[in-house]
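Structure record follows, encoded as structure tokens.
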Amino acid sequence: MTPEDVGLPSGGRRRTPGLRREELALLAGVGVTWYTWLEQGRPINASGQVLDAVAATLRLTPVEREHLYRLAEATPVRLPRTTDCASEAVFDEIVAALDPLPAVITNTRFDIIRANQAYHDLFHDWHQLPCVHKNLLWCIITEPAAREQLLNYDTEVPYLVGRLRSAYGEHIGDPDWETDLERLQSICPEFAQLWSRHEVAACTPRLRRILNPIAGELHLTVTELAVSAHPDLVLYVETPADDETRAKLQLTRREATAR
Numbered sequence: 257m258t259p260e261d262v263g264l265p266s267g268g269r270r271r272t273p274g275l276r277r278e279e280l281a282l283l284a285g286v287g288v289t290w291y292t293w294l295e296q297g298r299p300i301n302a303s304g305q306v307l308d309a310v311a312a313t314l315r316l317t318p319v320e321r322e323h324l325y326r327l328a329e330a331t332p333v334r335l336p337r338t339t340d341c342a343s344e345a346v347f348d349e350i351v352a353a354l355d356p357l358p359a360v361i362t363n364t365r366f367d368i369i370r371a372n373q374a375y376h377d378l379f380h381d382w383h384q385l386p387c388v389h390k391n392l393l394w395c396i397i398t399e400p401a402a403r404e405q406l407l408n409y410d411t412e413v414p415y416l417v418g419r420l421r422s423a424y425g426e427h428i429g430d431p432d433w434e435t436d437l438e439r440l441q442s443i444c445p446e447f448a449q450l451w452s453r454h455e456v457a458a459c460t461p462r463l464r465r466i467l468n469p470i471a472g473e474l475h476l477t478v479t480e481l482a483v484s485a486h487p488d489l490v491l492y493v494e495t496p497a498d499d500e501t502r503a504k505l506q507l508t509r510r511e512a513t514a515r
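Per the numbering used here, residue 257 is the first one in the sequence shown, and the count goes up by one each step.
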């Protein structure tokens with residue numbers, strides 16, 4: 257959004273093409289300090305009317321509006337959500353039942369919780385990488401080998417960072433989250449730059465293009481499924497997007513290539 261979009265003068269040269277914080281606060285009818293605290297996720301008291309004004313000023317999408325409300329209601333310490341609906345012991349059975357489709361369960365920080373054999377086979381080289389820990393985003397964005405195999409890297413990584421930003425609204429102040437984010441920003445300028453945009457992303461099926469060292473180029477549709485019994489977990493299932501990929505996916509199986 258530019259000053260011209262909302263009827264404001266450009267005011268000469270700007271370090272960024274968007275609106276200044278002071279201009280956004282003015283348009284939304286709130287104080288600059290209040291708006292700054294909102295961006296930082298500090299605990300503030302705001303009515304729905306004020307938040308709607310901010311959302312309208314920023315022309316937020318529904319997912320961005322939801323993220324705004326989370327920021328406004330965030331507190332430094334959050335109690336963990338608990339449930340007795342399901343046991344983590346069944347996760348192995350669930351992902352195994354989806355084989356031969358690659359499937360993985362991660363938390364909303366993209367730490368790998370469970371994966372089936374089809375997933376391990378498809379991304380075998382990635383799992384051999386010396387990532388700081390087994391985290392999808394960390395491996396993709398910090399390891400050149402993983403980057404080279406993800407052909408649509410330039411769209412996939414901003415999407416993943418946007419999903420991470422969306423989830424972060426519920427974890428502001430969580431020591432694990434804050435430590436991970438600080439470390440990744442310190443070792444990866446690209447992530448730091450993407451994170452500074454404050455962009456959020458809605459869950460959506462998407463195409464992932466992979467250059468597998470054995471099977472060649474594969475086109476997979478990634479579907480995200482919520483694990484309702486564990487709100488901080490997501491099940492990702494990768495399905496062939498075309499007949500050629502469906503035929504070549506079998507070549508990624510390690511037991512097949514070992515023969």
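Glycine included, each C-beta is placed from N, C-alpha and C at the ideal position.
Query, Result
"6 Å Cβ shell around residue 467 - same chain, five flanking residues per side excluded", "405, 407 and 473"
"DSSP-derived helix/strand/coil call for residue 300", "coil"
"Option nearest residue 302 by Cα separation, candidates 451, 317, 284 and 316", "284"
"Whole alpha helix (DSSP H) elements within the stretch 471 to 506, 4-residue minimum", "499 to 504"
"For residue 351, the first and last residue of its enclosing beta strand (DSSP E)", "Per DSSP, residue 351 belongs to no beta strand (DSSP E); it is in the alpha helix (DSSP H), 347 to 354."
"Opposing strand residues paired with residue 406 [DSSP bridges]", "466"
"Proximity to residue 464 [Cα-Cα], best of 441, 378, 317 and 300", "378"
"Rounded C-alpha distance that separates residue 372 from residue 483", "16 Å"
"Straight-line gap, residue 291 to residue 414 (C-alpha atoms, nearest Å)", "25 Å"
"Start and end residues, alpha helix (DSSP H) containing residue 509", "Per DSSP, residue 509 belongs to no alpha helix (DSSP H) and is neither H nor E."
"When 476, 455 and 510 are compared against residue 322, the one with the closest alpha-carbon", "455"
"Beta-bridge pairing of residue 362 - partner residues as DSSP gives them", "368 and 490"
"Opening and closing residue of the alpha helix (DSSP H) in which residue 281 lies", "277 to 284"
"Buried/exposed call for residue 481, threshold 16 Cβ in 10 Å", "exposed"
"Selection from 446, 314 and 428 that minimises the alpha carbon distance to residue 275", "314"
"Unbroken alpha helix (DSSP H) run spanning residue 395, endpoints", "392 to 398"
"Cutoff 8 Å; reference residue 309; Cβ partners in own chain excluding five residues on either side", "284, 285 and 286"
"Simplified DSSP assignment, three categories, for residue 326", "helix"
"Neighbour-count burial assignment, residue 346, 16 or more Cβ in a 10 Å radius", "exposed"
"Residues near residue 502 by beta carbon distance below 6 Å, same chain, minus five either side", "496"
"Contact set for residue 307: own chain, Cβ-Cβ below 7 Å, skip 5 residues either direction", "324, 325 and 328"
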